[in-house]
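K.L.:
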């Protein structure tokens, strides 16, 4: 994946929780640089292996430049829940050429 820019909406974040999510409800949770947390609904792409994707709903979802932490969150059919391993992404100001 190339650089991700503030306000970008043409992107999907794929997470892998490495457990069967058949029948589960999945979210892609994220923490913005200010520390606030939010989530996107996820689309399961490989239930047996626990892979799903979420995408920004609007430009406001990636409104701050800086470090974002993104992870998967699963609520299983029996009501139990679990979080996946977090990953870090840098979101850059549009027009940024710093490499």
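In the numbering used here, the protein residues as written are 159 to 257. Using N, Cα and C, we set each Cβ at its ideal position, and we do this for glycine too. Keep in mind it's a predicted model, so treat the numbers as computed, not measured.
Under a three-way DSSP split, which group does residue 218 fall into?
P.N.:
Residue 218: helix per DSSP, three-state reduction.
K.L.:
Quick check on residue 249: buried or exposed, where buried means 16 or more other Cβ atoms within 10 Å of its Cβ?
P.N.:
Only buried fits residue 249, as 16 or more other CB atoms lie within 10 angstroms of its CB.
K.L.:
On the three-pair Cβ rule with 8 Å, is the stretch 174-186 touching the stretch 208-224?
P.N.:
Segments in contact, yes.
K.L.:
I'd like to know whether the C-beta atoms of residue 231 and residue 187 end up nearer to each other than 7 Å.
P.N.:
yes
K.L.:
Of all the options 229, 162 and 192, which has the alpha carbon lying nearest to the alpha carbon of residue 200?
P.N.:
229
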